[in-house]
Every structure is written in structure tokens, then in C-alpha cells.
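Numbering (our numbering), first residue to last: 1 to 534.
To keep things clear, I will list the structure first and then write my remarks on it.
Set out below in C-alpha cells:
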């Protein structure tokens, strides 16, 4: 074991609080007078506040040395004194936790500058300044990885301004600042804070309730992180803040929907247009704004061409007219709850929206198969639903699909394959007829025992190393997995089964023959030779 005999006051302090080896190493590192004397002076100043805090500081000094941050010992101790003068508990906490935090601030120049910034915050006039400064100090390593040091000071200034108004909110802002700074541009930070402040409400005792604002600070950064364009982020803040002036609940609902709704629109120009028009609706009625924003992306998608704003402007203009006449009428219009709203879109395009024909298609489906069949739109973004075969290969865009149980048919949200609306209605009808034909003619009526029997035969035919023995078969998808190339088998099954259904439909319903021929021809054109052969 190392021995170390103290010869001066500084060495006595080290030996009293540290093991001999650590004390000797620290003494050697602080041999230079320009560093040793100031450190001793600051440690003695801490003793005047509390000998316990001084002891904790000496122990922490050894940790600071071990982490290679001893060059920053003077500003580090200076900051600790400020915290200790404000609160003994805060001083002890600082010296316990700060060596690890300091170790994450790798660049010495940045480290000293950041410690100086924290000291400036802690010396603020308000009573809560030291506590807020300490919360800020704790998140500095995370901030340094995201933003420039020059911007860090601006974020700190915003936090202290907020803390001057309310300590709780300021403290929470500092805690969440790494995620906030990552998601919200500095130029938009002040208006973002203003948005959050408007979410305060009065509790039953007539006093301010900050829960809404605190939750906004904690959760909204993850929502803004999903929005890439800074101009779009600013408009989301503007619209949300406008709604919060009238109804904090509506503002929160809007913010929760914003990333999902805006993701459906491909260009930033359209996103900006949607939000700017939303501000016009918000000036009239917050609830109508929420209805508008919820359905506006659907209108843009139904219009088909994002470079053509005529459909959107027609729909929006009629909605504002309805809102002028009656708040209830405007809300219903923007919620696409009225025939007039759907017609406003359809009249400006040749397509037909599923919303307007869904009821008649559902009745048609029931008349064909004698069972209730739900009609729903295809998932947003061209996704697929699980088919009867339980295989999730990407579908042909706009191709009708059916749920695994055969109870739901999924169709395109808008049909524009024909040059006129009547032709597009017929396309919807023939798609439903084909999918419901699978229900009527037993595609989904295969029993588990039949599937298991075929699976056993397949298993006996192929090399067992390729197969998955002892696997129970419940669906066609499970059966296909018993083949060496499941996707090819699935495609072959779909081709043969579709041909069988078309043949039976032609036999049972001669009036569908012409339309079935058109549908079959298009399906053959869309399915390439390489489809499924991967």
C-alpha cells in the first residue's frame, strides 16, 4: 500500500478525506502554484460554509482528477461554492454528482465556458436561480451532443425567463431541454413556450393548474420530432396556440393529430397551405378547425393531384360559407359528414369517393352472399391488410383486399380508373362482387382438418430439412410455409382461385361478365412476371 505523509495544509486536507494513493496522485497533479493555491483557497471558503461540504468537495476533487477534468477544477469549485451558499443540501448534491457530469463534457474549452454559463445562471437575482442552474448543469452533456455551445446559452436564457415567472415550469423546462432543443428550432422556442403556457387552466379552487403545461413540455417534443420542416413546425405552433386561446382541450387534440395528418401529405408546400388555411378556420371556431384538420389530408389525397389546388379550394370555400351560416353546419361540412362536402370534392374531379358509395356497396355485397360484409378504405400510405392466406407481401397499389375472416372488404379511398363517375362507380361494384365472390363460393370455408391433411401431404413430398415439422396448420398462410418457395405457391393459388371465382360469378351473374373481363385484364397487366419470384 502507498504511504503519503502530509507536509502542508493542502496535503492534510487530501489525506483526511482520501486514501493515500489517491491523495498522493492528486497532490502531484496540483503541484503547480497557479493551480494549487486557488484550489486550496476555494476549499477553505467551502469550510466556512460547512466542513461537511468541504469534505465532500475534496472527495469529488479526487473523482474529477480520475476523470481527467482537473484543469477545470477552479471554475468547478467556484460553481460549487455558489450552490453551497444557496443551500447546503444543493452543495452536497452538486459535489456528489458533478464529477460524472463533468466527465461527459469532454472538450476543456467548452467545459470551462459551460461552467461559466451555469455560474452566471446560479448568480441570478431570483431565489430559485441556483436550483434551476443545477438542473441546467445536469443536462449539459446531452445538449452538447445536439446543439452548438453558442445556442446553449440562448436556451438557458429562455429557461431562466420562464423560471422568473414560475419556478416549477422553469425547472421542468430545464429538465426537458435536451429533447426540446432537438425537436423545436431555437427561433420557434419562444412561441412554443407561449403555446404551452396557454394550456394552464384554473382548478376547483380558482388557482392555476400547470399539469397541462408540464405535460406539454414533456410530450410535445416527440411529436415535433416527427415533423421535419421548420416552417411547418412554426405553423403547427401558431395554429395550436390560436386554438389554445379558445380551448386548451382542442389545442391538445390538434397537436396529437398533427404528425399523423401531415405525414399523409407529401410536400411541405401543401402542409404549409393546410396549416395557413387552418388559421382562417380557427378564427371562426376551434371545433370546426379540428374537424377541418382531421379530414383535410383526405380531401387532398382524394383530389389526386397535389399540384392542383382547385379541389381543395372549392371544398374549403364551401366549408367557410357553411361556417358563416351556422357553426354546426360548418363543423359537419369540414367533418365530411354531409353529402354537400363529399360532392364539393367529387364535382371537381372525375373520381368517386368510397365514403359516398360505401352504403350501397355494403347492401350489394349482402345481396350477393347473404352475409353482412363491412366496406372500409385501404390503409393510408399504400399499406396492406392481412389476406386470407395470411401472407403480407406488398399489394398492387389500389388493388382491393379482404380481411382474413372474409368479413371486411378494403377498397381504394377514391376510384378514378374511368373517365367518368358512372364508370368509376361500376369499378367499385365489380371489385366488391369479386371479393364477395370469395365469401359466397367458399374461399374462406376451408376447414382446419382439410388444411392439415394437405400440409401433411406436402410435408411428405419435400425434404424434411426444408420444412417445419409438427407445426399446426390453421390458415392458408401456414400451409404455404410448408413449401420451399411460399411466395410462388401463394401467387399460384391466388391466380387459380381468382379464376375459379370469376368463372362462377359469370355463371351466376351474367350481367357482370363485361366488367369482370375488364377487371381481369387490368389485373393481368399489373401482375409482372417477377411478382413473387424473390
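Just so it is clear, CB atoms sit at the ideal spot from N, CA and C, and this is done for glycine as well.
In this structure residue 87 is in contact with residue 130, their Cβ atoms being roughly 7 angstroms apart against a cut-off of 8 angstroms. Counting C-beta atoms within 10 angstroms of its own C-beta, residue 503 has fewer than 16 neighbours from the protein chains shown and is therefore classed as exposed. Rounded to whole angstroms, the Cβ separation of residue 482 and residue 459 is 6 angstroms, and the two are in contact under 8 angstroms. In its chain, beyond the 5 residues on either side, 192, 224 have a beta carbon closer than 6 angstroms to the beta carbon of residue 184. Counting C-beta pairs closer than 8 angstroms gives fewer than three between the stretch 48 to 57 and the stretch 27 to 38, which falls short of the contact rule.
Partner residues in a beta bridge of residue 100, as assigned by DSSP, do not exist. Rounded to the nearest whole angstrom, the CA to CA distance from residue 417 to residue 514 is 16 angstroms.
A straight-line Cα-Cα distance of about 45 angstroms links residue 58 and residue 200. Under DSSP, residue 209 forms a beta bridge with 201. Contact annotation: residue 413 and residue 354 have beta-carbon atoms nearer than 7 angstroms. Only exposed fits residue 34, as fewer than 16 other CB atoms lie within 10 angstroms of its CB.
One Cα belongs to residue 19, the other to residue 62, and the distance between them is close to 10 angstroms.
Scanning its chain for C-beta atoms nearer than 6 angstroms, with the 5 sequence neighbours on each side dropped, one finds around residue 288 the residues 281, 323, 330, 331, 334, in chain order.
One thing to note: residue 186 has its Cβ within 7 angstroms of the Cβ of residue 154. Here residue 125 has no same chain residue with a Cβ atom under 8 angstroms from its own Cβ, once five neighbours each way along the sequence are excluded. Contact check for residue 11 against residue 65 fails: the beta carbons are separated by 7 angstroms or more. Straight across, the Cα-Cα distance linking residue 490 with residue 378 is about 21 angstroms. In the DSSP annotation of this structure, residue 167 is not part of any beta strand (DSSP E); the continuous alpha helix (DSSP H) holding it starts and ends at 167 to 183. Taking the C-beta atoms as reference points, residue 171 is found nearer than 7 angstroms to residue 135. Taking residue 472 as reference, the option from 456, 485, 487 with the minimal CA-CA separation is 456. Proximity to residue 195 across 252, 261, 120 peaks at 252, based on C-alpha coordinates.
By the neighbour-count criterion, in which 16 or more other beta carbons inside 10 Å mark a residue as buried, residue 326 falls on the exposed side. Bridge partners of residue 376 according to DSSP: 410. Annotation for residue 282: the continuous alpha helix (DSSP H) segment containing it runs 268 to 282. Take residue 146, set aside five residues on each side of it, and the residues of its chain with a beta-carbon closer than 8 angstroms to its own are 178, 181, 182, in chain order. Going by beta carbons, residue 95 and residue 73 fall outside the 7 angstroms limit. In terms of CA proximity to residue 268, 297 leads the group 297, 31, 283, 254.
Around the beta carbon of residue 100, fewer than 16 other beta carbons sit within 10 angstroms, so the residue counts as exposed.
Looking at the backbone, the Cα of residue 405 and that of residue 247 are separated by about 43 angstroms.
Note on geometry: alpha-carbon atoms of residue 290 and residue 279 lie some 11 angstroms from one another.
In the structure shown, residue 402 falls within a strand segment according to DSSP collapsed to helix, strand and coil. Our two residues, residue 424 and residue 352, have alpha carbons roughly 6 angstroms apart in a direct line. Straight through space, the alpha carbons of residue 501 and residue 363 are spaced by roughly 20 angstroms.
Residue 473 sits in coil when the DSSP states are folded into three classes, being neither helix nor strand. Under DSSP, residue 415 forms a beta bridge with 352. Residues of the same chain with a CB within less than 8 angstroms of the CB of residue 142, apart from the 5 flanking positions on each side, are 178 in chain order.
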